[in-house]
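Converting from the sequence shown to the working numbering requires adding 62 to each position, the first position being numbered 1. Backbone N, C-alpha and C define an ideal beta-carbon position, used for all residues, glycine too. Below you'll find the structure, written out as structure tokens, and then a few comments.
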Amino acid sequence: MRFKDKVVLVTGTSRNTGVGIAALFIREGAHVCVCSSTPESTAKGAAELRAMGLAAFTETPADISDTEQVRAMFRVIREKFGRIDIVVNNACNQGIGPAFEEMDPAYFLSVIKTNLMGTFQVSQEAVKMMLRQESRGVIVNLGSNVSTRAIRNRTAYVASKGGLDALTRAMAVDLGPKGIRVNMVAPGYIFTDRWEKLADDKVKRRRLNCPIGLEATADDIAQAVAFMASDASRNICGERLVVDAGCSAQHMPVDVDV
Numbered sequence: 063m064r065f066k067d068k069v070v071l072v073t074g075t076s077r078n079t080g081v082g083i084a085a086l087f088i089r090e091g092a093h094v095c096v097c098s099s100t101p102e103s104t105a106k107g108a109a110e111l112r113a114m115g116l117a118a119f120t121e122t123p124a125d126i127s128d129t130e131q132v133r134a135m136f137r138v139i140r141e142k143f144g145r146i147d148i149v150v151n152n153a154c155n156q157g158i159g160p161a162f163e164e165m166d167p168a169y170f171l172s173v174i175k176t177n178l179m180g181t182f183q184v185s186q187e188a189v190k191m192m193l194r195q196e197s198r199g200v201i202v203n204l205g206s207n208v209s210t211r212a213i214r215n216r217t218a219y220v221a222s223k224g225g226l227d228a229l230t231r232a233m234a235v236d237l238g239p240k241g242i243r244v245n246m247v248a249p250g251y252i253f254t255d256r257w258e259k260l261a262d263d264k265v266k267r268r269r270l271n272c273p274i275g276l277e278a279t280a281d282d283i284a285q286a287v288a289f290m291a292s293d294a295s296r297n298i299c300g301e302r303l304v305v306d307a308g309c310s311a312q313h314m315p316v317d318v319d320v
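See below:
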């Protein structure tokens, strides 16, 4: 087991990718602190884990955009475990909102507060604990391929993920000399409950956007996160692992003439 007896925090575990990441770490021997923005949403993800027969987790709900809630969550982790080995910053505001010219600045800020400021706050509190440990730790941020290839009508989301890309590098440079590795996993399309509601033509369009014509599963992303968190990547720091079926590599889809 790659993560036997490790204490792992995974944010954004109410459903989909967050649950998949938490499940992989539990199966690999870790005790996982599962976190979503409310006790109810955290319990929802916890119920999915129990349904899989998994039990090595603790519910630690927190709205990561709220500084005091983040600090309270880490007090619970510190009191129960006394350490934190791995942090996976998965929580995300999808930023599916109005067009740029119609966007309320408050809405833009709300997306930034979760996706960028929230990741900063969780990471900072984790680092304070890691620096007091003999063995330091690893932080894996969940970014997106849109940080380098923007998509329409998702201005706040794209900006937040671009900022997260830069934040990951800055954290790696600051924390690497202190024994803490920081990296990013950047997914593209992921099969989630939202995907199931897409019309057939939209599913076809998305698959054509990827050279191998395959959307990721939660486990695909979890496996990439686990690699970045494991000793197999011990010499990787400040990097961005893109998991998008080749979408970022493709200039234009196969059905577009150039």
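Bounding residues of the alpha helix (DSSP H) (the contiguous stretch that carries P101): Following the DSSP letters along the chain, one finds P101 inside the alpha helix (DSSP H) bounded by residues 101-113.
Within the same chain, show all residues whose beta-carbon is closer than 8 Å to that of V78, passing over the 5 residues directly before and after it, in chain order. With the sequence shown as reference, residue 78 is identified as Asn, and Val is not the correct amino acid for it. Closer than 8 Å at Cβ, skipping near neighbours: I252, T254, D255, A280.
Since L229 is in the alpha helix (DSSP H), which residue starts that stretch and which ends it? It spans 217-237 - the alpha helix (DSSP H) in which L229 sits, taken as one unbroken run.
Buried versus exposed, by CB contacts within 10 Å (16 or more), A261: With fewer than 16 other Cβ atoms from the protein chains shown falling within 10 Å of its own Cβ, A261 counts as exposed.
In terms of residue numbering, what span does the alpha helix (DSSP H) encompassing E141 cover? Residues 129-143.
DSSP state of F162, grouped into three classes? Assigned with DSSP and collapsed to three states, F162 falls in helix.
Sequence-distant residues of its chain with Cβ nearer than 8 Å to A278 (five each side left out): Its chain contains P249, G250, Y251, I252, F253, V305, D306, A307 as the residues whose beta carbon lies nearer than 8 Å to that of A278, once the 5 sequence neighbours on both sides are disregarded; these appear in chain order.
Is the beta carbon of F65 sitting closer than 9 Å to the one on S222? Result no, Cβ atoms of F65 and S222 do not sit closer than 9 Å.
Should K68 and I148 be called a contact, given that it needs their Cβ atoms to be closer than 9 Å? Cβ atoms of K68 and I148: closer than 9 Å.
Residue ranges of each alpha helix (DSSP H) within the stretch 247-299, 4 or longer: The stretch 247-299 is shown to contain whole alpha helix (DSSP H) runs of 4 or more residues at 262-270, 280-291, in chain order.
What are the partner residues of T75, as DSSP defines its beta bridges? T75 pairs with nothing; no bridge assigned.
Whole angstroms are fine: how far does the CA of A294 sit from the CA of E301? Going by the C-alpha atoms only, they are around 14 Å apart.
My understanding is that N271 touches P315, with C-beta atoms under 8 Å, so please give their C-beta distance in whole angstroms. Going by Cβ atoms, the distance from N271 to P315 rounds to 5 Å, so yes, they are a contact pair.
Let me confirm a value: A286 is counted as buried when at least 16 other C-beta atoms fall within 10 Å, else exposed. Which label applies? Looking at its Cβ environment, which holds 16 or more other Cβ atoms inside 10 Å, A286 is buried.
Pairwise C-alpha distance: D317 and E130: If you take the alpha carbons of E130 and D317, they lie about 50 Å apart.
On the DSSP letters alone, give me the boundaries of the alpha helix (DSSP H) that S171 sits inside. Inspection of the sequence shows that residue 171 is occupied by Leu rather than by Ser. Where L171 is concerned, the enclosing alpha helix (DSSP H) stretches over 167-174.
Which same chain residues end up closer than 7 Å to S206 when comparing Cβ atoms and leaving out the 5 residues on each side of it in sequence? Counting only residues of its own chain and dropping the five nearest sequence neighbours on each side, S206 has a CB closer than 7 Å to the CB of K223, A248, P249.
Decide yes or no for the touch test of the stretch 78-92 against the stretch 101-117: beta carbon pairs closer than 8 Å, at least 3 of them. Flag = yes, the stretch 78-92 and the stretch 101-117 touch.
Looking at V184 and A153, is the spacing between their C-beta atoms short of 9 Å? Yes, the pair counts as a contact, with Cβ atoms nearer than the cut-off.
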